[in-house]
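J.:
Residue numbers (our numbering), protein chains in the order written: chain A, -6 to 196; chain B, 56 to 654; chain C, 758 to 845.
1. Rounded to whole angstroms, what is the Cα-Cα separation between residue 436 (chain B) and residue 155 (chain B)?
2. Within the same chain, show all residues whose beta-carbon is closer than 8 Å to that of residue 464 (chain B), passing over the 5 residues directly before and after it, in chain order.
3. So does the stretch 79 to 87 of chain A actually touch the stretch 160 to 180 of chain A, counting three or more Cβ pairs closer than 8 Å?
4. Can you pull the DSSP bridge partners for residue 352 (chain B)?
5. So with CB distances below 9 Å, who are the chain B contacts of residue 760 (chain C)?
6. Would residue 590 (chain B) and residue 516 (chain B) qualify as a contact pair, given that the criterion is a beta-carbon distance under 8 Å?
7. Identify the continuous beta strand (DSSP E) that holds residue 212 (chain B) and give its terminal residues.
8. Could you tell me which chain A residues have their CB closer than 7 Å to the CB of residue 625 (chain B), listed as they occur along the chain?
9. Starting from residue 126 (chain A), trace the alpha helix (DSSP H) both ways and give me its first and last residue.
10. Going by DSSP in three states, residue 344 (chain B) sits in which element: helix, strand or coil?
11. Buried or exposed: residue 535 (chain B), going by 16 or more other Cβ atoms within 10 Å of its Cβ?
12. For residue 51 (chain A), which residues in chain B fall below 8 Å Cβ to Cβ?
13. Hey, quick one: how far does the beta strand (DSSP E) through residue 115 (chain A) stretch, first residue to last?
14. My output table needs one value for residue 239 (chain B): the three-state DSSP class, helix, strand or coil.
15. Whose Cβ in chain A lies nearer than 9 Å to the Cβ of residue 622 (chain B)?
16. If you follow the alpha helix (DSSP H) that residue 108 (chain A) is in, where does it begin and where does it stop?
17. Output the boundary residues of the beta strand (DSSP E) element that contains residue 97 (chain A).
18. Would residue 289 (chain B) pass as an interface residue toward chain C - the criterion being a Cβ-Cβ separation below 8 Å?
19. Check whether chain B comes within 8 Å of residue 109 (chain A), counting only Cβ atoms and requiring the distance to be less than that.
20. Given a threshold of 16 other Cβ atoms within 10 Å of its Cβ, counted over all protein chains shown, does residue 188 (chain B) qualify as buried or as exposed?
21. Return no unless some Cβ of chain C is closer than 8 Å to the Cβ of residue 657 (chain B).
22. By how many angstroms is the C-alpha of residue 236 (chain B) removed from the C-alpha of residue 845 (chain C)?
23. With DSSP collapsed to three states, give me the class of residue 16 (chain A).
24. Helix, strand or coil: which one does DSSP assign to residue 52 (chain A)?
25. Among C:789, C:828, C:815, which one has its Cα closest to the Cα of residue 807 (chain C)?
26. Grab me the residues of residue 201 (chain B)'s own chain with a C-beta within less than 7 Å of its C-beta, minus the 5 sequence neighbours each way, in chain order.
27. Just verifying my parser: in three-state terms, what is the DSSP assignment at residue 608 (chain B)?
28. Measuring alpha carbon to alpha carbon, tell me which residue in C:794, C:826, C:804 is nearest residue 773 (chain C).
29. Would you report the Cα separation of residue 367 (chain B) and residue 227 (chain B), rounded to the nearest angstrom?
30. Going by alpha carbons, who is nearest to residue 239 (chain B) out of B:398, B:500, B:315?
31. Along chain B, which residues have their Cβ under 8 Å away from the Cβ of residue 813 (chain C)?
32. Which residues in the same chain as residue 108 (chain A) place their Cβ atom closer than 8 Å to its Cβ, once the five residues preceding and following it in sequence are excluded?
33. Look at residue 644 (chain B) and residue 85 (chain B) and say whether their C-beta atoms are less than 8 Å apart.
34. Just by C-beta distance, which residues in the stretch 815 to 838 of chain C are closer than 8 Å to chain B?
35. So residue 139 (chain B) and residue 252 (chain B) are in contact, right, with Cβ under 8 Å, and what is the actual spacing, rounded?
36. Round the Cβ separation of residue 144 (chain B) and residue 582 (chain B) to the nearest angstrom and send it over; I've been treating them as touching at under 8 Å.
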């Protein structure tokens, strides 16, 4: 059993992520770092209906029995906590972001909010797309320089000091991507309104 | 080479010689500059056998690769030493113009060692380095000294001590550009013990960024976000730092009358709003800063100067039960002229008031007596009467009168303007601070009160360890680049990393910087361990741990330090005694310090 | 009637640094009524019915972030706009 306030945070954010279509019923995962432990959603739990028993506490470094029930992506979460100052991680499957990741190496926002928050979201690509050391390496390395990254065809990894912060990046990313998609469907030439936006790819 | 100057100037005041050495670039990349470079250099020079006020102590002034580049807030500089107040690592940083000018003289660091036979000043110009007699200035206040030595804002800048530093007052500050301060831990006393009155700098070398395009882009983006944040674009320039007085009081975390209460019913009278309404003349900015938070104020008796900041208004205000803003402001001006840390001074006066109230000390001193403030400050600077006790800091004073528990301090550094019983995370910050009870080493004001970046429960204890650690590491690297922490209110470390990359031409990520921060924090910890500090020193005054807040929104609270401390050591990869494990030291490339563990 | 205390530039916008008395059963009710009485505050604390980021609201000294929080007669609500990180 985990701390009640922490559970409520997981539960509320999980519900919001599911209900806003950022992941399917059982997809994605979330974790926080507490002391020298990681608390992560267990494998097979429903994102939108998390119960207090749906969490696993496992050691930050080294293996323990927690790994048996923890999410498949635990290895990625561990690598991120080792390599960055993240205190919370959210992995989700935002559809439009995934769609865009299929055809570009970086997502550059065209909307104002996205420009303020991100400037650029890199896309990493690995052969074994779920729970591999290769993925853990690539994602954790990328998150040293960015607060949210996309894994081509799979989904996003966002970090923050709190779950709420990580959630904000996930939600904002999908807004960025929806706007890019809709602009491209509209097919009209964009009137550039931002100074220095040509430098965003240098971010 | 860009960003760093690549040179260290060492001056030996005993032999009146100086030498110039190259900056080790490996160390530069690992510790960046400022506070980080300061502790790394100090580690080799000052061991446990060195008395802080002896000639063997080193006074190390450092800038960072960002300093003088023109990046927003790139004006700050740092001083490192061993503290005569606490015996821990001493690091303090200040704004204004001196740091930018020192960078222009072509050095990254100035190491001052030894002791002059008679008062001297150091002058560093494009012509070279000179040590000059300063007999006629000894005994003079900071304001007069600054003017006498030719202070000229953008061109020639003066750093000096006042009578407090000369008299080895343990809470003495070093002042620069007249009213900017390197304050906590008594650096002024170290400088005074070397008979060094002032350091004047006048340079001509520019810090030209390596990647001009990227630098221009970062300047634009950072400026954009500083303008977009209502804190940096409206609140700070309009109301100054003391705007936070009312909100801290509202939630019941404003220490009052030596931390006996956590609300001050006259908080309104000493708030940022009151300053703006009654005594503000205008605001002012340090070099290359668009935020402009400094208060220029004028009192009823026509005295004009800088301040008071939140901490100073609290220290002479709520801490002493005083609501007379005019006198509080003049107390602030006087501390600047004498060269005294306003936080330690006000906190110590409040302590003296309680000692008197409880009949432990004989003095004509009560809470609320604003008319006593100025004399007490004069007396402290000159070690006269009761000032001679205060000059030793609140802990030594309270201990002498039989009640050390009435000193609101940690590791003998006076606590600043936050009652940790109303902010659990802040309690952990004060208890584990490397320089003692300090809010600048990872302030939890943002997360626990201002919802920055997000609001967390100020009464909760679980999970605080992680957020505190991240904030401590972040503060350490910001103090090394060097940026002003107020820039951090609008832009995150990812901006600093990219600006650093643009200035130096080398690639840094946000987490490269966070690792530097962790490295600096850990080396400071090891320095203190080498000095003999242990887990027992990671604590808070008894009042914070076992006297519940009497009333207000934080009523009934004490600081639940033990569980937070346990989680903190575990989070940081330290053992149960708070000693960094060797795996952690290897991870941070601090193997050279491992011998300290074994000693 | 609940008592409201405004701080920093909210006072300039409301044109008053006095304590205000506002009726309302919830935090939301109170803020909407406050905007009605002081039109200059519209859009500053609430935007489209939602609390704008970085406003700090406390009820009797405790942070309030849920607009549904019930409010009673003796409550004291303090509202701070996005304000400084008050470092020394």
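Cβ coordinates follow ideal geometry from the N, Cα and C atoms, glycine included.
T.: Quick answer:
1. As a first step, residue 436 (chain B) must be located in the second chain, where it is residue number 381. As a first step, residue 155 (chain B) must be located in the second chain, where it is residue number 100. The straight-line gap from Cα to Cα measures roughly 29 Å.
2. Locating residue 464 (chain B) in the second chain gives position 409, counting from the first residue. Listed in chain order, the non-local C-beta contacts of residue 464 (chain B) below 8 Å within the same chain comprise 402, 448, 449, 450, 470, 491, 492, 596, local neighbours out to five positions each way being set aside.
3. Per the Cβ contact rule, the stretch 79 to 87 of chain A is in contact with the stretch 160 to 180 of chain A (3 or more Cβ pairs under 8 Å).
4. Residue mapping note: residue 352 (chain B) aligns to position 297 of the second chain, counting from 1. The partner list for residue 352 (chain B) (beta bridge, DSSP) reads B:335, B:360.
5. Position 3 of the third chain, counted from the start, is the residue given in the question as residue 760 (chain C). Residues of chain B passing the Cβ test: none, with the nearest at roughly 12 Å.
6. On the second chain, residue 590 (chain B) is found 535 positions in, with the first residue counted as 1. On the second chain, residue 516 (chain B) is found 461 positions in, with the first residue counted as 1. No, they are not a contact pair.
7. As a working mapping, residue 212 (chain B) is identified with position 157 in the second chain. Element bounds for residue 212 (chain B): 212 to 215.
8. Numbered from 1 along the second chain, position 570 holds the residue referred to as residue 625 (chain B). Per Cβ cutoff of 7 Å: 28, 29.
9. As a position in the first chain, residue 126 (chain A) is number 133, starting the count at 1. Its alpha helix (DSSP H) spans residues 126 to 135.
10. In the second chain, the residue the question calls residue 344 (chain B) occupies position 289. Coil.
11. On the second chain, position 480 is the one that residue 535 (chain B) refers to. Around the C-beta of residue 535 (chain B), 16 or more other C-beta atoms lie within 10 Å, and the residue is accordingly described as buried.
12. By 1-based counting over the first chain, the position of residue 51 (chain A) is 58. Ordered by position in chain B, no residue passes the 8 Å Cβ test against residue 51 (chain A), which lies about 14 Å from the chain.
13. The count along the first chain starts at 1 and reaches residue 115 (chain A) at position 122. Unbroken beta strand (DSSP E) run through residue 115 (chain A): 114 to 117.
14. Along the second chain, one-based indexing puts residue 239 (chain B) at 184. In the three-state scheme derived from DSSP, where H, G and I count as helix and E and B as strand, residue 239 (chain B) is classed as coil.
15. For the purposes of this step, residue 622 (chain B) is taken as the residue at position 567 of the second chain. Within chain A, 27, 28, 29 have C-beta atoms less than 9 Å from the C-beta of residue 622 (chain B), given in sequence order.
16. In the first chain, counting from the first residue as 1, residue 108 (chain A) sits at position 115. First-last of the alpha helix (DSSP H) with residue 108 (chain A): 105 to 110.
17. Working through the first chain from its first residue, we reach residue 97 (chain A) at position 104. Residue 97 (chain A) -> no beta strand (DSSP E), and no H or E assigned at all.
18. Start at 1 with the first residue of the second chain, and residue 289 (chain B) comes out as number 234. At least one chain C Cβ lies under 8 Å of residue 289 (chain B).
19. Residue numbering aside, residue 109 (chain A) sits at position 116 when the first chain is read from its first letter. By the rule that beta-carbons nearer than 8 Å mark a contact, residue 109 (chain A) touches chain B.
20. Residue 188 (chain B) sits at position 133 when you count from the first residue of the second chain. Exposed, by the Cβ-count rule.
21. Residue numbering for chain B in the displayed model covers 56 to 654; residue 657 (chain B) lies beyond these limits and cannot be assessed.
22. Within the third chain, the letter at position 88 stands for residue 845 (chain C). Within the second chain, the letter at position 181 stands for residue 236 (chain B). Bear in mind that the predicted position of residue 845 (chain C) carries a pLDDT of just 21, short of 50, making it unreliable; the figure below should be weighed with that in mind. Computed Cα separation, rounded: 10 Å.
23. As a first step, residue 16 (chain A) is located in the first chain; it is residue number 23 there, counting from the start. The three-state secondary structure of residue 16 (chain A), taken from DSSP, is coil.
24. For the purposes of this step, residue 52 (chain A) is taken as the residue at position 59 of the first chain. DSSP, reduced to helix, strand and coil, places residue 52 (chain A) within a strand of the structure shown.
25. Reading the third chain from its first residue, position 50 is the one you call residue 807 (chain C). The candidate whose alpha carbon is nearest that of residue 807 (chain C) is C:789.
26. Here residue 201 (chain B) is taken as the residue at index 146 of the second chain, counted from 1. For residue 201 (chain B), where only same-chain residues beyond five positions count, the Cβ hits under 7 Å are 213, 215, 233.
27. Here residue 608 (chain B) refers to the residue found at position 553 of the second chain. Coil, per DSSP.
28. As a working mapping, residue 773 (chain C) is identified with position 16 in the third chain. Looking at the Cα atoms, C:794 is the closest of the given residues.
29. Within the second chain, numbered from 1, the residue matching residue 367 (chain B) stands at position 312. Within the second chain, numbered from 1, the residue matching residue 227 (chain B) stands at position 172. About 15 Å.
30. Here residue 239 (chain B) is taken as the residue at index 184 of the second chain, counted from 1. Among B:398, B:500, B:315, the Cα nearest to that of residue 239 (chain B) belongs to B:398.
31. The sequence position of residue 813 (chain C) within the third chain is 56, counting from 1. For residue 813 (chain C), the chain B residues whose Cβ falls inside 8 Å of its Cβ are 302, 504, 505, 506, in order along the chain.
32. Translated into positions along the first chain, residue 108 (chain A) becomes position 115. Scanning its chain for C-beta atoms nearer than 8 Å, with the 5 sequence neighbours on each side dropped, one finds around residue 108 (chain A) the residues 102, 187, 190, 193, in chain order.
33. As a first step, residue 644 (chain B) must be located in the second chain, where it is residue number 589. As a first step, residue 85 (chain B) must be located in the second chain, where it is residue number 30. The beta carbons of residue 644 (chain B) and residue 85 (chain B) sit closer together than 8 Å.
34. Of all residues in the stretch 815 to 838 of chain C, only 815, 817, 818, 819, 820, 822, 835, 837, 838 place a beta-carbon less than 8 Å from a beta-carbon of chain B.
35. Sequence index remark: in the second chain, residue 139 (chain B) carries index 84 (1-based). Sequence index remark: in the second chain, residue 252 (chain B) carries index 197 (1-based). Between residue 252 (chain B) and residue 139 (chain B) the Cβ distance is about 18 Å, and since that is not below 8 Å, they are no contact.
36. For this step, residue 144 (chain B) is matched to residue 89 along the second chain. For this step, residue 582 (chain B) is matched to residue 527 along the second chain. Right, their Cβ atoms sit about 5 Å apart.
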